[in-house]
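Asker:
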Amino acid sequence: MRIVVASGKGGTGKTTVATSLALVGGESVRCLDCDVEAPNAALFLHPVLDRRQEVGIPLPRVDTARCTHCGKCAEVCQYHAIAVLGQTTLVFPELCHGCGSCTRLCPEGAISEHLHVTGVLEGGLTADGLEFARGLLQVGEPMAVPIIRELKRWPPRRRPAIEIWDAPPGASCPVVETLRGADFALLVTEPTPFGLHDLKQVVGIARELKIPAGVVVNRDGIGDQAVDAYCADQGLPILLRIPMERRIAEGLARGRSLLETAPDYRPAFQDLLAAIQDRVNAEYAR
Amino acid sequence: MMKQLIVLSGKGGTGKTSVTAAFAHLAAGGRLTGQVVIADADVDAANLELVLQPRVLETQPFQGGQVAVIDQDTCLVCGSCADVCRFDAIIERDGQYLVDPIACDGCAACVYQCPTESIRMEPQIAGKSYVSESRYGPLYHANLDPGQENSGKLVTLVKQRARLRALDEDRELVLVDGPPGIGCPVIAAASGADLALIVAEPTAAGVHDMQRVLGTLRHFGVPALVCINKADIYPEGAAAIETSCRADGVVTVGRIPFDATVASAMVAGEAVTAFRPEAPASLAVAAVWERVLAFLEAPA
Amino acid sequence: MKLVISIAGDSLQSPFDARFGRAAAFCLVDSDTGSWTAHANPALEAAGGAGVQAAQCVAGLGAQAVVSGAYGPKAYASLSAAGIAMHLAPGNAPRTGADVLAQFKAGELSQAQAATQDGRH
Chain V
0 MRIVVASGKG GTGKTTVATS LALVGGESVR CLDCDVEAPN AALFLHPVLD
50 RRQEVGIPLP RVDTARCTHC GKCAEVCQYH AIAVLGQTTL VFPELCHGCG
100 SCTRLCPEGA ISEHLHVTGV LEGGLTADGL EFARGLLQVG EPMAVPIIRE
150 LKRWPPRRRP AIEIWDAPPG ASCPVVETLR GADFALLVTE PTPFGLHDLK
200 QVVGIARELK IPAGVVVNRD GIGDQAVDAY CADQGLPILL RIPMERRIAE
250 GLARGRSLLE TAPDYRPAFQ DLLAAIQDRV NAEYAR
Chain E
0 MMKQLIVLSG KGGTGKTSVT AAFAHLAAGG RLTGQVVIAD ADVDAANLEL
50 VLQPRVLETQ PFQGGQVAVI DQDTCLVCGS CADVCRFDAI IERDGQYLVD
100 PIACDGCAAC VYQCPTESIR MEPQIAGKSY VSESRYGPLY HANLDPGQEN
150 SGKLVTLVKQ RARLRALDED RELVLVDGPP GIGCPVIAAA SGADLALIVA
200 EPTAAGVHDM QRVLGTLRHF GVPALVCINK ADIYPEGAAA IETSCRADGV
250 VTVGRIPFDA TVASAMVAGE AVTAFRPEAP ASLAVAAVWE RVLAFLEAPA
Chain R
0 MKLVISIAGD SLQSPFDARF GRAAAFCLVD SDTGSWTAHA NPALEAAGGA
50 GVQAAQCVAG LGAQAVVSGA YGPKAYASLS AAGIAMHLAP GNAPRTGADV
100 LAQFKAGELS QAQAATQDGR H
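Protein chains in written order, with numbering that gives the first Met the number 0: chain V, 0 to 285; chain E, 0 to 299; chain R, 0 to 120.
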């Protein structure tokens, strides 16, 4: 079962919820931090990261001896990542998406590909025995999606019963890449106009991908009732409420997981995991 | 001389938009009255409009990337399109090849590969961009349709239009609310900025993400200042940010306390400095604004 | 010679635009006869690679030299490869394309020896 924890708005407590859910699942869980631009889950799970792999995109390399400057590569590239100017063929790595068209279509066979490293994958086990992996986008590199794609393809040590994927904020391509193939979207929001606005965006993606969804309301009590009204209207179940508590905020700030600071929340997260399992099973039974 | 100021954070939810909204309010009431153009570059979570209450003057469809479309009448079902696609965007279902428009990256590799020329690229409408008049000046903003790609392109468009407006009308400041993270939308939003203000959070996660966004800004040569929001939640964390910044030669321009007024202002649809100017967060943001202004106006 | 000046408008009398890749338009001028044409910059709203696209546009216009305020690394690499000389019109003073043309003719403008700004997307 693959659960994605997403939010639309950043800072609503996605990582807090994802790591708490992973901790109650224990050894049956593999947790992936798909927020490759700002990965934070490891700060709360403390895994020993002993696996590492460089990832990136296949970048063209032009053999100047064979290139005739015919311009075919520049013509087929949709990203302006390869250009022929005068008697020179230039490759711009930061623009390349690694689609391979230039290499495939070069009439002289003058282009080959090599891996252009744009990030790394890191993985290991936590003290509780749950498997963790994350992707890290290299600073200055624009494209998060290839790192997320490779992270999800990275073979686990053992086949986990439950996968928990911590999504990046927002509602564009990196979130979609994270959600692809998920069985359930757990959407964490806060009861404010910003939280609601961004929740609607990510609900839209889950609907388009036909992934069943449920909501966690974090910092309950800080704003208004509009999130509740929206969820009721849309038939979105609110599966958990976490009230605004200063001790939780302070604990998280110090890098302690929610369950370390507030062990009294453990049963609530066990129930949440069970509720998600029930919903996914019901979905498959249909 | 027109300047561009961008507000960023790395980690989402640190209070970027609340700070930007307060800056827009303070600028409109101060020496920069009538001199500011505002741009919301966080196009997949465009929240500034919830505070600035824009009256939309102009709406334009935003053409995102292109996606491949297969003509089923001439398709031979040979599968060469699926073979060359590196984005897992071509799916075989019931004896037909179909394009998943969400996965399609728009590279057109399949178009060049198809032996019967049955695939064409079609531009997609991926969102809308707006020109508005807001309570604190012209606002350029946009909404990306959920799940669309190319937010970097839409960010560039919004910022470009705001910049041209400021140049046209000789306005002094383009104030940009940036997206979270360090990737494509952030790079697009920060490009050409004269100064970035990072709103950091004194949390383990916040410090880490602040350092990554500072690295990104350094990479692209944009000078940066840091302010610390919700600083009193974890004063040791705030001190750690200040130490880390000092070591990197980055100036910190103030601490903003945790203040429930910020959420109340958001619910009321107002900038916190307009909602309750005497609230602790409002006073702190106003002090940060004065220091940021001083840096903007200082000769480079 | 055929010269391109980056402009924010559609004529030689339009304001000079100090950016190359993100210039609103390019004015192609024959510095001998003074005749000119204006061309929209196809890269203005490009997601990335504006410098490359703008350089390809300028090369396609048959220009031998270009005047702008700044060149990013991709624009610099592309224009160098195309053998197009890059001249710099420094300063922030408002002026028109025609003013810049006069400066160029008077030999007041130096050539860029390297990219003058960091890479932007």
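We treat Cβ as the ideally placed atom computed from N, Cα and C, and that holds for glycine.
Using the rule of at least 16 other Cβ atoms within 10 Å of the residue's Cβ for burial, across every protein chain shown, is residue 273 of chain E buried or exposed?
Answerer: As a first step, residue 273 of chain E is located in the second sequence; it is residue number 274 there, counting from the start. Burial call: buried.
Asker: So, residue 127 of chain E versus residue 58 of chain E, is the Cβ gap smaller than 8 Å?
Answerer: Here the question's residue 127 of chain E lines up with position 128 in the second sequence. Here the question's residue 58 of chain E lines up with position 59 in the second sequence. Cβ distance < 8 Å, so residue 127 of chain E and residue 58 of chain E count as in contact.
Asker: Beta-carbon separation of residue 42 of chain R and residue 58 of chain R under 8 Å?
Answerer: The residue you call residue 42 of chain R lines up with position 43 of the third sequence. The residue you call residue 58 of chain R lines up with position 59 of the third sequence. No. Outside cutoff.
Asker: Could you tell me the boundaries of the beta strand (DSSP E) in which residue 61 of chain E lies?
Answerer: What you label residue 61 of chain E is simply residue 62 of the second sequence in a count that begins at 1. Run containing residue 61 of chain E: 54 to 69, per the beta strand (DSSP E) assignment.
Asker: Kindly indicate which three-state DSSP category residue 204 of chain V falls into: helix, strand or coil?
Answerer: Here residue 204 of chain V refers to the residue found at position 205 when the first sequence is read from its first residue. Correct three-state label for residue 204 of chain V: helix.
Asker: Cα separation between residue 20 of chain R and residue 74 of chain R?
Answerer: Numbered from its first residue, the third sequence carries residue 20 of chain R at position 21. Numbered from its first residue, the third sequence carries residue 74 of chain R at position 75. One C-alpha to the other measures close to 7 Å.
Asker: Would you say residue 118 of chain V touches the ligand PLP, meaning its beta carbon is less than 7 Å from a heavy atom?
Answerer: Looking at this structure, you won't find the ligand PLP or any other ligand, since it has none at all.
Asker: Nearest to residue 279 of chain E by CA position, among E:245, E:266, E:294, E:231, is which residue?
Answerer: Position 280 of the second sequence, counted from the first residue, corresponds to residue 279 of chain E. The residue with the shortest Cα to Cα distance from residue 279 of chain E is E:231.
Asker: What did DSSP end up calling residue 281 of chain E once you bin it into helix, strand or coil?
Answerer: For the purposes of this step, residue 281 of chain E is taken as the residue at position 282 of the second sequence. In the structure shown, residue 281 of chain E sits in a helix (DSSP, three-state: H, G or I).
Asker: Under a CB-based cut-off of 8 Å, is residue 268 of chain V close to chain E?
Answerer: Translated into positions along the first sequence, residue 268 of chain V becomes position 269. So, not an interface residue.
Asker: Can you have a look at residue 149 of chain V and say buried or exposed, based on whether 16 or more other CB atoms are within 10 angstroms of its CB?
Answerer: By one-based count along the first sequence, residue 149 of chain V stands at place 150. Result: buried.
Asker: Can you list, in chain order, the residues of its chain whose CB lies under 8 Å from that of residue 96 of chain E, leaving out five sequence neighbours each side?
Answerer: By one-based count along the second sequence, residue 96 of chain E stands at place 97. Excluding positions up to five away in sequence, the list reads 69, 74, 76, 78, 80, 81, 89, 90.
Asker: Quick one: Cα of residue 246 of chain V to Cα of residue 238 of chain E, how far?
Answerer: Position 247 of the first sequence, counted from the start, is the residue given in the question as residue 246 of chain V. Position 239 of the second sequence, counted from the start, is the residue given in the question as residue 238 of chain E. Their Cα atoms are separated by approximately 19 Å.
Asker: Using 8 Å as the limit for Cβ to Cβ distance, is residue 169 of chain V near chain R?
Answerer: What you label residue 169 of chain V is simply residue 170 of the first sequence in a count that begins at 1. Residue 169 of chain V does not count as touching chain R.
Asker: If we ignore side chains and look at the alpha-carbon of each, how far apart do residue 213 of chain V and residue 47 of chain R end up?
Answerer: For the purposes of this step, residue 213 of chain V is taken as the residue at position 214 of the first sequence. For the purposes of this step, residue 47 of chain R is taken as the residue at position 48 of the third sequence. Using only the alpha carbons, I get a separation of about 37 Å.
Asker: Taking DSSP as the reference, what is the three-state secondary structure of residue 176 of chain V?
Answerer: The count along the first sequence starts at 1 and reaches residue 176 of chain V at position 177. Three-state DSSP puts residue 176 of chain V in a helix.
Asker: Count the other C-beta atoms from every protein chain shown that fall within 10 angstroms of the C-beta of residue 119 of chain R, then say buried if there are 16 or more, exposed otherwise.
Answerer: Within the third sequence, the letter at position 120 stands for residue 119 of chain R. Reliability fails at residue 119 of chain R, whose pLDDT of 44 lies under 50, so the model's placement of it is uncertain and the value that follows must be treated cautiously. Counting Cβ neighbours within 10 Å, residue 119 of chain R comes out buried, since at least 16 surround it.
Asker: Using only alpha-carbon positions, find the residue among E:13, E:100, E:62, E:202 that is nearest to residue 157 of chain E.
Answerer: Looking up residue 157 of chain E in the second sequence gives position 158. The option with the nearest alpha carbon to residue 157 of chain E is E:62.
Asker: Which parts of the stretch 182 to 258 of chain E are runs of the beta strand (DSSP E), unbroken and 3 residues or longer, counting only runs that do not cross its ends?
Answerer: List check, beta strand (DSSP E) in window: 194 to 199, 223 to 227, 250 to 254.
Asker: Which term fits residue 218 of chain V, buried or exposed, when burial requires 16 or more other beta carbons within 10 angstroms of its beta carbon?
Answerer: Position 219 of the first sequence, counting from 1, holds the residue named residue 218 of chain V. Burial call: buried.
Asker: Residue 76 of chain R: which of R:50, R:109, R:107, R:25 sits nearest, CA to CA?
Answerer: Here residue 76 of chain R refers to the residue found at position 77 when the third sequence is read from its first residue. Minimum Cα distance to residue 76 of chain R is reached at R:50.
Asker: Can you find a CB in chain C that lies within less than 8 Å of the CB of residue 112 of chain V?
Answerer: In the structure shown, chain C does not exist; the protein chains are V, E and R.
Asker: With a cut-off of 8 Å, do at least 3 Cβ pairs link the stretch 260 to 275 of chain V to the stretch 38 to 57 of chain V?
Answerer: Touching, no, given that fewer than three Cβ pairs across the two stretches are closer than 8 Å.
Asker: Does DSSP classify residue 101 of chain V as helix, strand or coil?
Answerer: Numbered from its first residue, the first sequence carries residue 101 of chain V at position 102. Helix at residue 101 of chain V.
Asker: Return the first residue and the last residue of the beta strand (DSSP E) that residue 112 of chain V is part of.
Answerer: Residue numbering aside, residue 112 of chain V sits at position 113 when the first sequence is read from its first letter. Run containing residue 112 of chain V: 110 to 124, per the beta strand (DSSP E) assignment.
Asker: Mind pulling the chain E residues with CB within less than 7 Å of residue 111 of chain R?
Answerer: To locate residue 111 of chain R, count along the third sequence from 1; it is residue 112. Result: empty, since nearest Cβ-Cβ is about 17 Å, beyond 7 Å.
Asker: Residue range of the beta strand (DSSP E) that residue 12 of chain R falls in?
Answerer: Counting from one through the third sequence, the residue named residue 12 of chain R turns up at place 13. Element bounds for residue 12 of chain R: n/a, residue is neither H nor E.
Asker: Tell me, which residues are paired with residue 5 of chain E by DSSP?
Answerer: Counting from 1 along the second sequence, the entry for residue 5 of chain E is found at position 6. In the DSSP output, where bridge partners are listed per residue, residue 5 of chain E has E:175, E:195.
Asker: Give me the residue from V:5, V:19, V:39, V:11 with the minimum Cα distance to residue 299 of chain V.
Answerer: Because residue 299 of chain V is not part of the residues shown, which for chain V are 0 to 285, the question remains open.
Asker: Consider the Cβ of residue 43 of chain E: report whether some Cβ of chain V lies at a distance smaller than 8 Å.
Answerer: As a working note, residue 43 of chain E is residue 44 in the second sequence. For residue 43 of chain E, the answer is yes, since a Cβ of chain V falls inside 8 Å of its Cβ.
Asker: Round the Cβ separation of residue 215 of chain V and residue 238 of chain V to the nearest angstrom and send it over; I've been treating them as touching at under 8 Å.
Answerer: By one-based count along the first sequence, residue 215 of chain V stands at place 216. By one-based count along the first sequence, residue 238 of chain V stands at place 239. Yes, residue 215 of chain V and residue 238 of chain V are in contact; Cβ-Cβ is about 6 Å, under 8 Å.
Asker: Around the C-beta of residue 200 of chain E, are 16 or more other C-beta atoms found within 10 angstroms, so that it is buried, or is it exposed?
Answerer: As a first step, residue 200 of chain E is located in the second sequence; it is residue number 201 there, counting from the start. It counts as buried.
Asker: Quick one: list the residues of chain E neighbouring residue 175 of chain V, beta-carbon separation under 9 Å, in chain order.
Answerer: Position 176 of the first sequence, counting from 1, holds the residue named residue 175 of chain V. Per Cβ cutoff of 9 Å: 101, 102, 145, 146, 147, 148.
Asker: Name, please, each residue of chain V whose Cβ falls closer than 8 Å to the Cβ of residue 167 of chain E.
Answerer: By 1-based counting over the second sequence, the position of residue 167 of chain E is 168. Result: empty, since nearest Cβ-Cβ is about 28 Å, beyond 8 Å.
Asker: Leaving out the 5 sequence neighbours to the left and right, which residues in its chain are closer than 6 Å to residue 7 of chain E when beta-carbon positions are compared?
Answerer: Taking the first residue of the second sequence as position 1, residue 7 of chain E is located at position 8. Same-chain partners within the cutoff: 177, 195, 197, 212.
Asker: Starting from residue 42 of chain E, follow the beta strand (DSSP E) in both directions and report where the run begins and ends.
Answerer: Counting from 1 along the second sequence, the entry for residue 42 of chain E is found at position 43. That residue, residue 42 of chain E, is in no beta strand (DSSP E); it is neither H nor E in DSSP.
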